[in-house]
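Notes follow the structure.
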Amino acid sequence: MIAPGALAGVRVADFSRVLAAPYATMLMADLGAEVIKVERPDGGDETRAWGPPWSDDGESTYFLSVNRNKESRVLDLRSEVDRAEALDLVAGCDVVVENFRAGTMERLGLGWEELSARDPGLVYCSITGFGSGAGADLPGYDLVAQAVGGLMSVTGSPESGPLKSGVALVDIITGLHATIGILAALRHRERTGEGQRVEVNLLSSLLSALANQASTHVVTGAVPQAMGNLHPSIAPYEVFATADRPVAIAAANDKLFRLLAEGIGRPELVDDPRFVSNAERVAHRAVLTAELEDALAGHGADHWFDLLSSKGVPCGPINDLGQAFELARTLGLDPVHEVPGEDGRAPVPTVSHPISMSRTPATYRTAPPPFVP
């Protein structure tokens, strides 16, 4: 028997829009929280108009991606009457999530100080672009955060120049950090009865997510540069040409390199002085790449994926999204769930929640809500 969702009983007033915060509140909704999404009367969440592409029902696929399992409530927060309704909504909630520019909720009478005075147990999460201090007036858009936060400087190659990631990755990372912060705050409240304010921002989230690249700079003062598909510290750990399409190979230690060399029929590479250790392989990366691609040219990517995977070498062809979803299906990961439509609408296919839980799994109860002004 499946138990109620892990977050059943948690009620969230969601004053957010676009991506970072809606992604966080959708994850919570999937796990059982009741999420009431507050939208402005002149069109609602901006992403409702971000298309093409559109669904068969004419809805933005962008909006559909992060708003399932939510209820929509249209309120004009500039109106005294609607602000009073917003206060009533918050009074019945455990969590408030907002991603307005810093100071906006305070001007509306919905800021942390005022709401926590009414309910000391409230968990209040603010998501901004660059914090609530000196960066408060800077608008928080993912593209800009990728640019000023250093991600674009290490993405791409010397030939391509700086590139953004193919998805608004900083928004997603920030949404995940917001979710973690909210859950930690709820756990603290469970123990003490105390609510608290949770603040996350795009820039800090990105700097944390840059992980080893950021650590390189903080520890040594060096400034990492874009290296395309190469890894600054590991070889072979990159994309290689084959007889048809490219394949990614991550032979990140001596054992894996030996298995790779044997798998491609070049066992002598293991004893080559230029390749006997990871440091040597990094130092002689260009020569090693040429040797490997000479061997890999004999077959296509799928052949090498099957052969090398069977030997325990991490590798895989460069899939498009269709191939990626098909791979997930063949692995039994159920990457897509249909969510029931409302008011005669067709079911909406959505990407599955990524967390598997044995007792309180994610559920797919309702499609993203239609806009009803």
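When you line the sequence shown up against our numbering, it's residues -14 to 358, in that order. Yeah, the Cβ is synthetic: ideal placement off N, Cα and C, and Gly gets one too. Just so you know, these numbers come straight off a predicted model, no measurement behind them.
By the three-class DSSP mapping on this structure, what secondary structure does residue i have?
i	result
G141	strand
L44	Leu is not the amino acid found at residue 44; the sequence shown has Glu there. Correct three-state label for E44: coil.
K55	strand
N186	strand
T113	strand
F0	strand
Y349	coil
E24	strand
H322	strand
G146	strand
G301	strand
D291	helix
V155	helix
A237	coil
Y126	coil
P339	coil
E19	strand
V333	strand
M(-14)	Because the pLDDT at M(-14) is just 47, under 50, the model does not fix this residue reliably, and the value given afterwards should be weighed accordingly. Correct three-state label for M(-14): coil.
V(-5)	coil
Return the Cβ separation of residue i and residue j in integer angstroms, given the expectation that the two are a contact with Cβ distance under 8 Å.
i	j	result
A71	G141	Contact doesn't hold; Cβ gap of about 43 Å is too wide.
L245	V298	5 Å
P358	S57	Rounded, the Cβ-Cβ distance is 10 Å, inconsistent with contact.
S150	Q131	7 Å
G(-10)	G17	2 Å
A(-2)	V66	Incorrect: roughly 17 Å between the Cβ atoms, too far for contact.
G329	A280	Not quite, the Cβ-Cβ distance comes to about 58 Å (not below 8 Å), so this is no contact.
C110	A163	6 Å
V23	M13	In fact, because the Cβ distance is near 15 Å, the residues do not count as touching under 8 Å.
Between the options, which has its C-alpha nearest residue i's C-alpha?
i	options	result
E223	L187, P320 and A271	A271
E327	D42, D30, R68 and G180	D42
S117	E144, G329, E83 and E276	E83
A233	T201, A220 and R243	A220
P325	H338, Y349 and P302	Y349
F356	G94, E144, V129 and L60	L60
S295	L281, P209, A14 and G248	G248
V155	L171, R174, S218 and I112	I112
N238	P231, G250, V255 and A196	V255
T351	S343, H338 and E323	E323
Y47	P7, E19 and E24	P7
A236	T201, Q198 and L277	L277
R320	H338, L192, R92 and E91	Checking the displayed sequence, the identity of residue 320 turns out to be Pro instead of Arg. Considering only alpha carbons, the answer is H338.
L215	L273, H173 and P26	L273
P147	R174, G213, L192 and L306	G213
R172	S200, V108 and L192	V108
L100	R25, T345, R68 and A169	R68
G114	L62, F85, S341 and V267	F85
L195	D291, E144, V133 and A170	V133
Practice prompt. Could you tell me whether the stretch 137 to 144 touches the stretch 118 to 125, where touching means 3 or more Cβ pairs closer than 8 Å?
Written response: no
Worksheet item: Counting pairs of Cβ atoms below 8 Å between the stretch 75 to 86 and the stretch 102 to 116, do you hit three or more?
Response: yes
Item to complete: Can you check the stretch 78 to 109 for any alpha helix (DSSP H) of at least 4 residues that lies completely inside it and give the ranges in chain order?
Response: 89 to 92 and 97 to 103
Item to complete: Mind the definition here: the stretch 176 to 195 touches the stretch 140 to 160 only if three or more C-beta pairs lie below 8 Å; say whether that holds.
Response: yes
Worksheet item: Between the stretch 313 to 320 and the stretch 255 to 263, do at least 3 Cβ pairs fall closer than 8 Å?
Response: no
Worksheet item: Are three or more beta carbon pairs between the stretch 38 to 58 and the stretch 330 to 340 nearer than 8 Å?
Response: yes
Worksheet item: Can we say the stretch 27 to 34 touches the stretch 1 to 10, given the rule of at least three CB pairs closer than 8 Å?
Response: yes
Discussion item. Does the stretch 271 to 290 come into contact with the stretch 227 to 247, if we say contact requires no fewer than three beta-carbon pairs (one atom in each stretch) closer than 8 Å?
Written reply: yes
Fill in: Length at least 4, wholly inside the stretch 164 to 212: the alpha helix (DSSP H) runs in chain order
187 to 194 and 196 to 205
Fill in: Segments assigned beta strand (DSSP E), at least 3 residues, entirely inside the stretch 215 to 263
222 to 225 and 232 to 235
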